[in-house]
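A.B. asks: Take the sequence shown: its letters are residues 1 to 894, numbered as in UniProt numbering.
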Amino acid sequence: MPTRTAHLNVTGMSCANCSATIEDALDDLDGVASANANYATDEGSVEYDPDEVSLGEIYSAIEAAGYGAVSETVTVAITDMSCANCAETNAEALESTPGVIAADVNYATDEAQVRYNPADASLGDLYDAIESAGYSPVREGRGSGAGDGNDGGSGDGAGTGGSGQDARDAAREEEIRKQLRLTLFGAVLSVPLLAFMVDHLAFGGELFPEALFGVRIGWVQFLLATPVQIVLGRPFYKNSYKALVTNGRANMDVLIALGSTTAYVYSVAALSGAIAGSLYFDTAAFILVFITLGNYLEARSKGQAGEALRKLLEMEADTATLVDEDGTEREVPLDEVDVGDRMKVRPGEKIPTDGVVVDGQSAVDESMVTGESVPVEKEAGDEVVGSTVNENGLLVVEATKVGADTALQQIVRTVKEAQSRQPDIQNLADRISAYFVPAVIVNALLWGVVWFLFPEALAGFVNALPLWGLVAGGPAVAGGAVSVSEFAIVVFASSVLIACPCALGLATPAATMVGTTIGAKYGVLFKGGDVLERAKDVDTVVFDKTGTLTEGEMELTDVVAFDRDGDPIPDGGTASRAPSDDDLSAPDADHDPKNEVLRLAATAERGSEHPLARAIVDGAEARGLEVPEPDGFENVPGHGVRATVDGDEVLVGNRKLLRDNDVDPSPAAEEMERLESEGKTAMLVARVPAGTNEGRLVGIVADADTVKPSAADAVAALRDRGIDVMMITGDNERTARAVAKQVGIDPENVRAEVLPEDKSAAVEAIQSDGRQAMMVGDGVNDAPALAVAYVGTAIGSGTDVAIEAADVTLMRDDPLDVAKAIRISDATLQKIKQNLVWALGYNTLMIPLASLGLLQPALAAGAMALSSVSVLTNSLLFRRYEPDRDYRLLGRLR
1 MPTRTAHLNV
11 TGMSCANCSA
21 TIEDALDDLD
31 GVASANANYA
41 TDEGSVEYDP
51 DEVSLGEIYS
61 AIEAAGYGAV
71 SETVTVAITD
81 MSCANCAETN
91 AEALESTPGV
101 IAADVNYATD
111 EAQVRYNPAD
121 ASLGDLYDAI
131 ESAGYSPVRE
141 GRGSGAGDGN
151 DGGSGDGAGT
161 GGSGQDARDA
171 AREEEIRKQL
181 RLTLFGAVLS
191 VPLLAFMVDH
201 LAFGGELFPE
211 ALFGVRIGWV
221 QFLLATPVQI
231 VLGRPFYKNS
241 YKALVTNGRA
251 NMDVLIALGS
261 TTAYVYSVAA
271 LSGAIAGSLY
281 FDTAAFILVF
291 ITLGNYLEAR
301 SKGQAGEALR
311 KLLEMEADTA
321 TLVDEDGTER
331 EVPLDEVDVG
341 DRMKVRPGEK
351 IPTDGVVVDG
361 QSAVDESMVT
371 GESVPVEKEA
381 GDEVVGSTVN
391 ENGLLVVEAT
401 KVGADTALQQ
411 IVRTVKEAQS
421 RQPDIQNLAD
431 RISAYFVPAV
441 IVNALLWGVV
451 WFLFPEALAG
461 FVNALPLWGL
471 VAGGPAVAGG
481 AVSVSEFAIV
491 VFASSVLIAC
501 PCALGLATPA
511 ATMVGTTIGA
521 KYGVLFKGGD
531 VLERAKDVDT
541 VVFDKTGTLT
551 EGEMELTDVV
561 AFDRDGDPIP
571 DGGTASRAPS
581 DDDLSAPDAD
591 HDPKNEVLRL
601 AATAERGSEH
611 PLARAIVDGA
621 EARGLEVPEP
631 DGFENVPGHG
641 VRATVDGDEV
651 LVGNRKLLRD
661 NDVDPSPAAE
671 EMERLESEGK
681 TAMLVARVPA
691 GTNEGRLVGI
701 VADADTVKPS
711 AADAVAALRD
721 RGIDVMMITG
731 DNERTARAVA
741 KQVGIDPENV
751 RAEVLPEDKS
761 AAVEAIQSDG
771 RQAMMVGDGV
781 NDAPALAVAY
791 VGTAIGSGTD
801 VAIEAADVTL
811 MRDDPLDVAK
821 AIRISDATLQ
831 KIKQNLVWAL
841 GYNTLMIPLA
851 SLGLLQPALA
861 AGAMALSSVS
871 VLTNSLLFRR
881 YEPDRDYRLL
891 GRLR
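#1: Suppose you measure from the CA of A602 to the CA of A622; what does that come to, to the nearest Å?
#2: Leaving aside the five residues before and after R655 along the sequence, list all residues of the same chain whose C-beta is less than 6 angstroms from its C-beta, in chain order.
#3: Between S54, L600, A20, A84, which lies nearest to A65 when the distance is taken from Cα to Cα?
#4: Cβ of L506 within 8 angstroms of Cβ of L845?
#5: Alpha carbon to alpha carbon, how far is P587 from E671?
#6: Answer yes if the region 508-528 comes into contact with the region 808-822, meaning at least three C-beta pairs across the two stretches below 8 angstroms, and no otherwise.
#7: Around the Cβ of residue 914, are there at least 16 other Cβ atoms within 10 angstroms (buried) or fewer (exposed)?
#8: If you compare alpha carbons, which of G386, V763, R771, Q772 is closest to A783?
#9: Could you tell me the alpha carbon to alpha carbon distance between V228 and G186, rounded to whole angstroms?
#10: Reducing DSSP to helix, strand and coil, say where F454 ends up.
#11: Between S868 and A299, is the Cβ-Cβ spacing less than 8 angstroms?
#12: Which first and last residues belong to the alpha helix (DSSP H) in which K238 is found?
#13: Check whether the region 552-565 and the region 703-715 touch, using three or more Cβ-Cβ pairs below 8 angstroms as the test.
#14: Leaving out five residues on either side along the sequence, give the residues of the same chain with a beta carbon under 7 angstroms from the beta carbon of D120.
#15: With burial defined as no fewer than 16 other Cβ atoms inside 10 Å of the residue's Cβ, what is the status of W451: buried or exposed?
#16: Say whether the region 107-127 touches the region 267-282, bearing in mind that this needs 3 or more beta-carbon pairs closer than 8 angstroms, one atom from each stretch.
#17: Hey, would you say A524 sits closer than 8 angstroms to D817, going by beta carbons?
#18: Since N9 is in the alpha helix (DSSP H), which residue starts that stretch and which ends it?
#19: Smallest Cα separation from T41: which of N17, N9, K344, G607?
#20: Can you tell me where the beta strand (DSSP E) holding L810 begins and where it ends?
#21: Cβ of I22 within 8 angstroms of Cβ of T262?
#22: Between the C-alpha atoms of G152 and D24, what's the straight-line distance to the nearest angstrom?
#23: Mind reading off the beta-carbon distance from T548 to P815? Whole number of angstroms is fine, and I expect it under 8 angstroms.
#24: For N693, tell me which candidate among A712, R659, S14, S677 has the shortest Cα-Cα distance.
#25: Measure the C-alpha to C-alpha separation of R4 and D49 and round it to an integer number of angstroms.
#26: Just to confirm my understanding: we take C15, look at its own chain, exclude 5 residues before and 5 after, and list those with CB closer than 8 angstroms. What are they?
#27: Could you compute how far the alpha carbon of E383 sits from the alpha carbon of A620?
#28: What is the DSSP secondary structure of A257, counted as helix, strand or coil?
#29: Measuring only the C-alpha atoms, how far is Y266 from Y280?
#30: Could you check the C-alpha separation between G218 and V289 for me, to the nearest Å?
#31: Quick one: is F454 buried, meaning 16 or more other Cβ sit within 10 Å of its Cβ, or exposed?
#32: Is P593 near A561, with beta carbons less than 8 angstroms apart?
#33: By Cβ distance below 8 angstroms, which residues in the same chain neighbour A380 in space, the five residues on each side in sequence not counted?
#34: The alpha helix (DSSP H) spanning residue 945 covers which residue range?
#35: Closest by CA to V53, which one among G44, D28, Y67, T73?
#36: Kindly identify the DSSP beta-bridge partner or partners of I700.
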């Protein structure tokens, strides 16, 4: 094959050295003849041998060097596919197209996910490649979401929304209607043939005369069967020709065409007197009617399997009410909303697009994104997700993401990509399917010849079997009921028709499609079917602490007040000195000393932006205390703050801060140790009266990053499954162990004081002894650790870039969903195994029966069609699966 030249739009280059780095990375690839990168134009070109290196490997090399190359991803619906071999043929045709980086074709969804370089390929090229392979793409307008590859990554245009999805849905509906029309047409003509068959088999031909209206019954059968053969058989003949001549491989259509044509041609020859034998026009017609009926049911089932995803898209709002700067309101189509526009959302309306609330307060039903049925309270400053429902109040929302960037479109794109990326177990099914059809034809020919050469010996064997009565088979040959050559042809036709690679090809993608959709319904996004498969094998879950097991925000948890003797004042106690003394007394003796400690600390911390300081101020205000600005403020780095409050100097900080200012912190030693052992950050509060140097300790305030309510349940649920649970954090050992104790993690499984850049090494160390670890983090700071983990999981990321950073994205900020993801994975793989057992078991049983002459071709065709429908039906039943159900019964879920 001659070399190709790829023209690339490169992102992330900032100098000439970047160009050289990219060129060096590409030159190191085997098969690359030359590589050029131009910093001035952000363009590059690569001459390469496609037999030695793929375009995908070239893109990977650029990304590994720290840069990006622009690409787009599009979903293309394909009609006329009849089995997994068809999907493989389309994938090979697309991947051999210049400019295509990768192509995944899913027979269960009749769609291809294609990533390509827009500089070298277009949608038209993709359509042409599919057509050249003998199939029909659904041509549509560009889907939204073209990417520009910013930030060193590749841009993706998923093509999942708007007219693109409408075109694919319309094509599917038309396919269902077409198969129904063909089935009804064939059934009407086949009913009389059924009557003739029953007369022949059950009554010996006595019910009908030898001729009707002067026409022999045989010619009547011919007139009824021929239109069926032409109309219903045409798609199979057409596809068989393309498969054999264009692609050089046999598919399911070839088997159907062989079986029905054999019966039809033999019957024509017998009717014309060219050979002596019975007529099988009824068999030829029923083969096509049964298969077409199976195609109709299969098309309907495929549509139902993707129904949940389509319903998710249908939830998108059609219009938005924009509010102009002068207060004017106007309703516009959704695609006219831009980032920064302000939208009014009334009670009961859908929020048009992702945004942030700028005015109003309401509860929002976010169940379509998170699976959580309880509405979430929203007020100014809170983020909202497009297509969720505003329950009661009036909201004004500023749009932050529109079009393909919204959470809904990202969810749909992620699920579709997951459905196109099949699990490894599918590779086995694909390898079997690739050799299956040729093997079936060889087997049918072999047994046809064997029956022709040794009819009486085989008939005697079959006659001894209890199943022989199902169909006139070997015994009929032995008794002279049919000729040897005739029965050999019957065996050939039955053996060809009974084999069904369709069921084998549908087993994995059908279950994966439903499993990923269930995940999306419950707020769990799997990045691919391969991830869906791996998640069930996780034996260790490693949680990041902050923002994963904890809320990720500091809160005021404790206030301790001390009297002049250095003893803690109990709850409800008062200070023992008069207001004129330098203690905590307020103008009356009934005040709460703790509130005075908190007021002093909060006023002193008012000038600080530190998270600990903000927690103290927020806590004071939440208790109704007035927190004015301090008269003077000084930050003491690493130790605390010094401020002037009510004319006195107030110190808030650690032990060293107090000692440096001649204040003895020792009375607080016991309380400090207690608070720190509970995982809290404790700060001492001291007061130095104006004009003196004799300050004293007045109290302690403590902040903590509180543990999420469901964290302990999540750990318990994982341990119930026999999964080892660990924690990695940058916090100190004492705090880390305190949080671990609260959630039920063994202290020995805590890795504390780990810097963010060292987390990936810690995960690799955990996996070094053969563990298969799931790292659970926020998807941004923990990205390196997520990448090296067996399964990387981003939690609570909602609408942010964690969807791209992890293998699994949990839309809710709930660690309990980690167990849910593993349960969905396990249930999906169980369903895949059920489908594979059914498909392989069916063929294992039926092929020998047909080879031994125990099945009529028409029954074989009906059984083959039923096998595919059964696999799809089994997968559709999976839609009822509720991953939370068993744990609700156990009381694990709140």
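Glycine included, each C-beta is placed from N, C-alpha and C at the ideal position.
C.D. replies: With the given structure in hand:
#1: 12 angstroms
#2: P665
#3: A20
#4: no
#5: Interpretation of P587 is limited by its pLDDT of 35, a score under 50 that renders its predicted location unreliable; the figure taken from the coordinates is listed afterwards. If I take the Cα positions, the gap works out to 28 angstroms.
#6: yes
#7: The displayed coordinates of the chain run from 1 to 894. Any statement about residue 914 would go beyond what the structure contains.
#8: V763
#9: 6 angstroms
#10: coil
#11: no
#12: 234-241
#13: yes
#14: Correct list, in chain order: A6, H7, P98, G99.
#15: buried
#16: No: the two stretches stay apart, fewer than three of their Cβ pairs being nearer than 8 angstroms.
#17: Going by the sequence as given, residue 524 is Val instead of Ala. In this structure, D817 lies closer than 8 angstroms to V524 by Cβ.
#18: Unbroken run through N9 is the beta strand (DSSP E), 4-11; no alpha helix (DSSP H).
#19: N9
#20: 808-810 is the extent of the beta strand (DSSP E) around L810.
#21: Result no, Cβ atoms of I22 and T262 do not sit closer than 8 angstroms.
#22: Confidence in G152 is poor, its pLDDT being 39 and thus under 50, which makes the residue's placement unreliable; the coordinate value appears in the next sentence. Cα to Cα, the separation comes out at about 17 angstroms.
#23: 6 angstroms
#24: R659
#25: 6 angstroms
#26: Here the set comprises Y39.
#27: 26 angstroms
#28: If DSSP states are grouped into helix, strand and coil, A257 belongs with the helices.
#29: 8 angstroms
#30: Going by the C-alpha atoms only, they are around 20 angstroms apart.
#31: exposed
#32: yes
#33: V357, V358, D359, G360, Q361
#34: Residue 945 lies beyond the residue range present for the chain, which begins at 1 and ends at 894; the question has no answer from this structure.
#35: D28
#36: V560, L684
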